[in-house]
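Structure first, commentary second.
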Amino acid sequence: MRAAMRPLPLLALAVTLGAALPALAEAPKVVASIKPVHSLVAAVMEGVAEPALIVRGAASPHTYAMKPSDAKALAAADLVFWIGPELEGFLDKPVTANARQATSVTLLEAPGVTLLDAREGGAWEAHDHGHEHTHDHDHKHDDKHAHEDDHGHDEVNTHIWLSPANARAMVAAIAEALTAKDPANAAAYTANAERTARSIDALDAELKAALAPVAGRPFVVFHDAYQYFEAQYGLNGVGAITVNPERRPSAKRLSEIRAKIGGLGAACVFAEPQFEPALVNTIVEGTPAKKGVLDPEGADLKDGPGLYPALMRNIAASLKDCLGS
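In case it helps, mature numbering (1 follows the signal peptide of the UniProt record, and there is no 0) puts the sequence shown at residues -25 to -1, 1 to 300.
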């Protein structure tokens, strides 16, 4: 994390009937990398300002290419929130080169975030599901592309927002960074963060009840994005079509997954809107498995504070609809 050197503007305060009105200082310019991160940042900033978003619509951070408008937004930023170079590799150099005056907040390293090891291979074994460790925050990013074969493209699973506990930790880190940059609006950031944390707790309880009937039923996903979600709700993902979504899976990989579907009786195979759906058709052909769609990033959802709960509910509903029918 790099401390910004920009001086704080003078604050103008007004008091009416004993209550302090919001400070008249300009709110910080904030950039968020992907839609789930943007949603949590927007929730904490609600009523103060709106963050900018880089990866919009159905684009994926795995395949995204920077645009001139993105570089311009980074250059003007006071704060940049992203998961980290392990996920948004396209941002690794631009955060340093373009966002020179910004504080970069790598949420993968946020206090309280628990990480799961990336699962090996496209067809997971039962013992792969429980590998969990707490990030020591001292790892190096130099070899982030060194494991793009059967070990996947990350040493850790980077889709941390699909754990409600991690989402709460991210919200706390977001509020802390915003308060440090903009103390004039500290009360608003704190209140918003507390409200968002409560809503995440309620959402977690709702999803636990909804998914209980399909816990343990085997399914296959497009890529290993859902491990945190599976761990939280007792779900049984048994494999992924591709280890690295940046590369088309080999014929050997597809054969392994088809065998896994047959051997374990996987009920569903899930595509993702950001990637080629034809691969799912190839996988399920000749098997009793049904097709579904899971979206870990909210491709078709409206940006903003409401995206995160809608994203989590949509994943739960897709799983329940396919596995329960």
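Backbone N, C-alpha and C fix where the C-beta goes; we use that ideal spot for every residue, glycine too.
Review point. Would you call Pro43 buried or exposed, if buried means 16 or more other Cβ atoms sit within 10 Å of its Cβ?
Key: exposed
**Study point:** Residue burial classification, Ala292 (beta-carbon count within 10 angstroms, cutoff 16)
**Key:** exposed
Point to revise | Selected residue, minimal CA-CA separation from Val23, among Leu82, Val255, Gly64 and Lys4 | key: Lys4
Point to revise | Val244 vs Ala274 beta-carbon contact at 7 Å | key: no
**Study point:** Where the beta strand (DSSP E) through Val12 begins and ends
**Key:** Not the beta strand (DSSP E): Val12 falls in the alpha helix (DSSP H), residues Lys10 to Met20.
Exercise for review: Tell me, please, which residues DSSP counts as bridged to Trp57.
Suggested key: Thr81
Exercise for review: Take the Cβ of Lys227 as the centre, count every other Cβ of all protein chains shown within 10 Å, and call the residue buried at 16 or more, exposed below.
Suggested key: exposed
Review point. Are the Cβ atoms of residue 355 and Gly59 separated by less than 7 Å?
Key: Look at the range of the chain in this structure, -25 to 300, and you will see that residue 355 is not part of it.
Check your understanding: Can you give, in chain order, each stretch of the beta strand (DSSP E) that sits fully within the segment 134 to 210 and has at least 3 residues?
Key -> 193 to 196
Check your understanding: Taking Cβ positions, are Val19 and Asn160 nearer each other than 7 Å?
Key -> no
Check your understanding: In whole angstroms, what separates the C-alpha of Ala184 from that of Val16?
Key -> 27 Å
Check your understanding: Based on the DSSP secondary-structure assignment, which residues constitute the bridge partners of Lys266?
Key -> Val244
Practice item. Have a look at Gly162 and Glu151 and give me their C-alpha separation to the nearest angstrom. Key: It should be pointed out that residue 162 corresponds to Ala in this sequence rather than to Gly. Taking the straight line from one Cα to the other gives about 11 Å.
Check your understanding: Among Thr262, Leu178 and Glu205, which has the Cα closest to the Cα of Gly191?
Key -> Glu205
Check your understanding: Under three-state DSSP, which class holds Thr217?
Key -> coil
Review point. Using a Cβ-Cβ cut-off of 8 Å (strictly less than) and excluding sequence neighbours within five positions of Arg31, which residues of its own chain qualify?
Key: Lys10 and Asp278
Review point. Where does Thr89 sit, in a helix, a strand or coil, going by DSSP?
Key: strand
**Study point:** Nearest residue (CA-CA) to Leu229, options Gly209, Leu254 and Pro271
**Key:** Leu254
Check your understanding: Starting from Ala2 and walking both ways along the alpha helix (DSSP H), at which residues does that stretch end?
Key -> Per DSSP, Ala2 belongs to no alpha helix (DSSP H) and is neither H nor E.
Point to revise | Proximal residues to Ala154 (C-beta, below 6 Å), its chain only, five neighbours per side dropped | key: Rather than Ala, the amino acid found at residue 154 in this sequence is Thr. Cβ within range, chain order: Ala161 and Tyr164.
**Study point:** Alpha-carbon to alpha-carbon, Val259 and Pro280
**Key:** 36 Å
Check your understanding: Leaving out the 5 sequence neighbours to the left and right, which residues in its chain are closer than 6 Å to Leu83 when beta-carbon positions are compared?
Key -> Ile58 and Gly59
Exercise for review: Please state whether DSSP places Ala74 in a helix, a strand or coil.
Suggested key: coil
Review point. Going by the C-beta, is Arg228 closer than 6 Å to any heavy atom of the ligand ATP?
Key: Judged by which ligands are present, the structure shown has none, so any question about the ligand ATP falls away.
Exercise for review: Determine, using beta carbons only, whether Phe197 and Glu247 come nearer to each other than 7 Å.
Suggested key: yes
Review point. When you compare only the Cα positions, how much space is there between Ala51 and Leu137?
Key: 30 Å
Practice item. Write down the C-beta distance between Val6 and Pro36 rounded to the nearest angstrom, noting that I regard them as a contact closer than 8 Å. Key: About 14 Å; that fails the 8 Å criterion.
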